[in-house]
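S.K.: Quick one: the structure is below, questions incoming.
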Amino acid sequence: MTHTSSVSLKTPLLLEAIHCKPTPRPPIWMMRQAGRYLPEYQKLRQHHEFQHLIKHPDLACEITLQPIQRFGMDAAILFSDILVIIEALGLSFRFEEKVGPIIEPCLHTRQDIDKLKLLPVDQVLDYVKNAILLSLDTLKSYQTPLIGFAGAPFTIASYMIEGGSSKTLEKTKRFMATYPKAMHRLLQLISTATLDYLNLQVKAGVSMIQLFDTWAGLLSWEDFNTFALPYIQQLVGQYRDKIPIALFCKYSHAYLPLLQALNPRILSLDWQSNLEQMASSIPTHIAIQGNLDPIDLLCPIQHIKARLTKLLPIIQHRPGYILNLGHGILPSTPVDHVQYVVDWVHSTPSMKISCQD
Ligand code: CP3
């Protein structure tokens, strides 16, 4: 199904929901919605490296728009990657089929960190700004807001130390234990770069920022408090009045009270969190986003329908709810299952509370 522009001039649902206003139905978008499960993305990918796609604003814009045109999602997320920020620290990355990201050179010692220099973010990542500007221009006719994003400092640091993806963060944890001061220097440097990077995105005109601390949920309570939380806090604190930030951290149910205490505008819940409980315990001035298990979308439609039906009490009674997954959409997801979810949300019963105010 192809969705074309709407004629209504109403505030986009996403922005209403971010402000915790009642909406006739919840806005929907999906983490990693612009990507490998889409045949139109795969087609482009046959001809270009991932790097080429993110560095060419016309192609990045085309991919950003794909889930809007195909499904009618209520928000676009910029096609890029959290790893681009490491280029502003003089490192580079590439993706290898079946391996994932490879970061070069990766960091082994204190001295490696002392050698890092922050390059001018707005020059190095000028291509991101151009991709945002072009996407915003094209999104105008769909009246769909654009979401920008960044990795939180801990997650970015973990990629720089591991040199790629890791399920245990063994190298990162050993590095933190051996060189805690150097780790803080690294985190502060990434945080400074990320502040500049968010500034670039906000100036270019994104409506919301998704901050991914994907791997911080693998930390112990003490390490989370020492190495992840203070740097998330810096970013949220600096940007609270400038742009709504959604905090996402995989396996974060234990840490949600800490994230909530930062008073973010939006909490993006992973699929293990008890959404019903969170919907009633998180203060109603904080919007919540989530949290279907991405694997639900690989299951039969009846199962998906049952999962969605369970969301009805939240949809109908909790202003400030954004329907999303609890992590990124998987490459093997059938596109018709994504369409089913979007169509279900579009036809879902209105909120039982007034949508006038
Ligand atoms: O959400 C979107 O659709 C916008 C684009 C986007 C990508 N990556 C494109 C991408 C976003 C928001 C990201 C964020 C990202 N990247 C995160 C945080 C979110 C999460 O999923 O936890 C992380 C940890 C990364 C790092 C990364 N990038 C990995 C581990 C990989 C390889 C495996 C994978 O998940 O695809 C990537 C590559 C990547 N980023 C692809 C895409 C479309 C696949 C590249 C390809 O075509 O081969």
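Counting in our numbering, the sequence shown tops out at residue 479, every number present. The beta carbon of each residue, even a glycine, is placed where N, CA and C say it ideally should be.
For the putative contact between F201 and I185, defined by C-beta atoms under 8 Å, what is the C-beta separation to the nearest angstrom?
M.R.: The count along the sequence shown starts at 1 and reaches residue 201 at position 79. The count along the sequence shown starts at 1 and reaches residue 185 at position 63. The Cβ separation is near 4 Å, so the contact holds.
S.K.: What span of residues does the beta strand (DSSP E) with Y443 cover, start to end?
M.R.: The sequence position of residue 443 within the sequence shown is 321, counting from 1. Looking at the DSSP string, the run of the beta strand (DSSP E) that includes Y443 is Y443 to L447.
S.K.: Quick check: the stretch 293–305 against the stretch 369–380, are at least 3 beta-carbon pairs closer than 8 Å?
M.R.: Output reads no: the stretch 293–305 does not touch the stretch 369–380.
S.K.: Would the beta-carbon of L445 fall within 9 Å of that of P148?
M.R.: For the purposes of this step, residue 445 is taken as residue 323 along the sequence shown, with counting starting at 1. For the purposes of this step, residue 148 is taken as residue 26 along the sequence shown, with counting starting at 1. Yes, these two residues count as a Cβ contact at 9 Å.
S.K.: Comparing the CB of K432 with every heavy atom of ligand 1, is any distance shorter than 8 Å?
M.R.: Counting from one through the sequence shown, the residue named residue 432 turns up at place 310. Not so, every heavy atom of ligand 1 lies at least 8 Å from the Cβ.
S.K.: Specify, as a first and last residue, the run of the alpha helix (DSSP H) that G286 falls within.
M.R.: On the sequence shown, position 164 is the one that residue 286 refers to. Run containing G286: none; DSSP gives neither H nor E here.
S.K.: Should W337 be labelled buried (16 or more other beta-carbon atoms within 10 Å of its own) or exposed?
M.R.: Numbered from 1 along the sequence shown, position 215 holds the residue referred to as residue 337. Label assigned to W337: buried.
S.K.: Based on Cα-Cα distance, which residue from G212, D418, G448 and S469 lies nearest to T456?
M.R.: Here residue 456 is taken as the residue at index 334 of the sequence shown, counted from 1. At residue 456 the sequence reads Pro, which differs from the Thr that was named. Looking at the Cα atoms, D418 is the closest of the given residues.
S.K.: Would you report the Cα separation of F193 and I388, rounded to the nearest angstrom?
M.R.: For this step, residue 193 is matched to residue 71 along the sequence shown. For this step, residue 388 is matched to residue 266 along the sequence shown. Cα to Cα, F193 sits roughly 24 Å from I388.
S.K.: Less than 8 Å between the CB atoms is what I'm expecting for F271 and Q332, so what's the real figure, rounded?
M.R.: Position 149 of the sequence shown, counted from the first residue, corresponds to residue 271. Position 210 of the sequence shown, counted from the first residue, corresponds to residue 332. With a Cβ gap of about 4 Å, F271 and Q332 count as contacting.
S.K.: Look at the alpha carbon of V324 and the alpha carbon of K364, and state the distance between them as a whole number of angstroms.
M.R.: Locating residue 324 in the sequence shown gives position 202, counting from the first residue. Locating residue 364 in the sequence shown gives position 242, counting from the first residue. Their Cα atoms are separated by approximately 8 Å.
S.K.: May I ask you to report which of helix, strand or coil DSSP gives R167?
M.R.: The residue you call residue 167 lines up with position 45 of the sequence shown. Note: R167 maps to helix in three-state DSSP.
S.K.: Per DSSP, what kind of secondary structure is P149 in: helix, strand or coil?
M.R.: Here residue 149 corresponds to residue number 27 of the sequence shown, with the count starting at 1. It is coil, neither helix nor strand.
S.K.: Determine the direct distance from the alpha carbon of Y443 to that of I410, and round the result to whole angstroms.
M.R.: Position 288 of the sequence shown, counting from 1, holds the residue named residue 410. Position 321 of the sequence shown, counting from 1, holds the residue named residue 443. The straight-line gap from Cα to Cα measures roughly 5 Å.
S.K.: Specify, as a first and last residue, the run of the alpha helix (DSSP H) that P435 falls within.
M.R.: Counted from its first residue, the sequence shown places residue 435 at position 313. Per DSSP, P435 belongs to the alpha helix (DSSP H) from L434 to H439.
S.K.: Threshold first: 4 residues or longer. Then list the alpha helix (DSSP H) segments lying entirely within the stretch 172–213, N to C.
M.R.: If we require 4 residues or more, the alpha helix (DSSP H) runs fully inside the stretch 172–213 come out as 172–177 and 179–193.
S.K.: Going by DSSP, which residues form a beta bridge with P223?
M.R.: As a position in the sequence shown, residue 223 is number 101, starting the count at 1. F217.
S.K.: How long is the line joining the alpha carbons of G448 and L414, rounded to whole angstroms?
M.R.: Against the sequence shown, residue 448 aligns to sequence position 326. Against the sequence shown, residue 414 aligns to sequence position 292. Between G448 and L414, the C-alpha separation is close to 5 Å.
S.K.: Do the CB positions of A156 and A198 come within less than 9 Å of each other?
M.R.: Stepping through the sequence shown from its first residue, residue 156 is reached at position 34. Stepping through the sequence shown from its first residue, residue 198 is reached at position 76. Taking 9 Å as the Cβ cut-off, A156 and A198 qualify as a contacting pair.
S.K.: Cα-Cα, which of R154, W151, M153 and A182 is closest to L166?
M.R.: Start at 1 with the first residue of the sequence shown, and residue 166 comes out as number 44. Comparing Cα positions, the closest option is A182.
S.K.: Return yes when at least one heavy atom of ligand 1 lies under 8 Å from the C-beta of H449, else no.
M.R.: Locating residue 449 in the sequence shown gives position 327, where the first residue counts as 1. Answer for H449: yes, Cβ within range of ligand 1.
S.K.: Would you call the CB atoms of D203 and I176 closer than 9 Å?
M.R.: Counted from its first residue, the sequence shown places residue 203 at position 81. Counted from its first residue, the sequence shown places residue 176 at position 54. In this structure, I176 lies closer than 9 Å to D203 by Cβ.
S.K.: Would you check whether ligand 1 has a heavy atom nearer than 8 Å to the C-beta of L247?
M.R.: Translated into positions along the sequence shown, residue 247 becomes position 125. Incorrect: L247 has no Cβ contact closer than 8 Å to ligand 1.
S.K.: Using DSSP with H/G/I as helix, E/B as strand and the rest coil, what is N385?
M.R.: Here residue 385 refers to the residue found at position 263 when the sequence shown is read from its first residue. DSSP places N385 in coil when its eight states are reduced to three.
S.K.: Can you check DSSP and say which residues form a bridge with L261?
M.R.: Translated into the one-based positions of the sequence shown, residue 261 becomes position 139. The partner list for L261 (beta bridge, DSSP) is empty, contrary to what the question assumes.
S.K.: Specify the secondary structure class of L136 as computed by DSSP and reduced to three states.
M.R.: On the sequence shown, position 14 is the one that residue 136 refers to. Three-state result, L136: helix.
S.K.: Classify L160 as buried or exposed, calling it buried when 16 or more other Cβ atoms lie within 10 Å of its own Cβ.
M.R.: The residue labelled residue 160 in the question sits at position 38 within the sequence shown. Classification for L160: buried.
S.K.: Check the DSSP bridge columns for Q394 and list the partner residues they point to.
M.R.: Position 272 of the sequence shown, counted from the start, is the residue given in the question as residue 394. Q394 is not bridged to any residue.
S.K.: Could you tell me the distance, in whole angstroms, from the CA atom of A253 to the CA atom of L322?
M.R.: Counting from 1 along the sequence shown, the entry for residue 253 is found at position 131. Counting from 1 along the sequence shown, the entry for residue 322 is found at position 200. Rounded to whole angstroms, A253 to L322 spans 12 Å at the Cα level.
S.K.: Could you check if D479 is buried or exposed, using at least 16 other CB atoms within 10 Å of its CB as the buried criterion?
M.R.: Indexing the sequence shown from 1 puts residue 479 at position 357. Only weak support is given to the placement of D479: the predicted model assigns it a pLDDT of 43, under 50, and the value that follows is read from those uncertain coordinates. When all chains shown are included, D479 counts as exposed.
S.K.: What number of angstroms, rounded off, separates the C-alpha of T126 from the C-alpha of P134?
M.R.: What you label residue 126 is simply residue 4 of the sequence shown in a count that begins at 1. What you label residue 134 is simply residue 12 of the sequence shown in a count that begins at 1. At T126 the pLDDT is 44, less than 50, meaning the model places this residue with poor confidence; the figure from the coordinates comes in the next sentence. So the two alpha carbons sit approximately 15 Å from each other.
S.K.: Which residue from A326, P422, S374 and T316 puts its Cα closest to that of L341?
M.R.: On the sequence shown, position 219 is the one that residue 341 refers to. Out of A326, P422, S374 and T316, S374 has the C-alpha closest to the C-alpha of L341.
S.K.: What span of residues does the beta strand (DSSP E) with L414 cover, start to end?
M.R.: Stepping through the sequence shown from its first residue, residue 414 is reached at position 292. From DSSP, the beta strand (DSSP E) with L414 extends over A409 to L414.
S.K.: K293 to S395, Cα distance in whole Å?
M.R.: Start at 1 with the first residue of the sequence shown, and residue 293 comes out as number 171. Start at 1 with the first residue of the sequence shown, and residue 395 comes out as number 273. Computed Cα separation, rounded: 28 Å.
S.K.: In terms of residue numbering, what span does the beta strand (DSSP E) encompassing F271 cover?
M.R.: Reading the sequence shown from its first residue, position 149 is the one you call residue 271. From DSSP, the beta strand (DSSP E) with F271 extends over L268 to G273.
S.K.: Find the nearest neighbour of I436 within the set P422, L397, V246 and I408, judged by alpha-carbon distance.
M.R.: Here residue 436 is taken as the residue at index 314 of the sequence shown, counted from 1. Minimum Cα distance to I436 is reached at L397.
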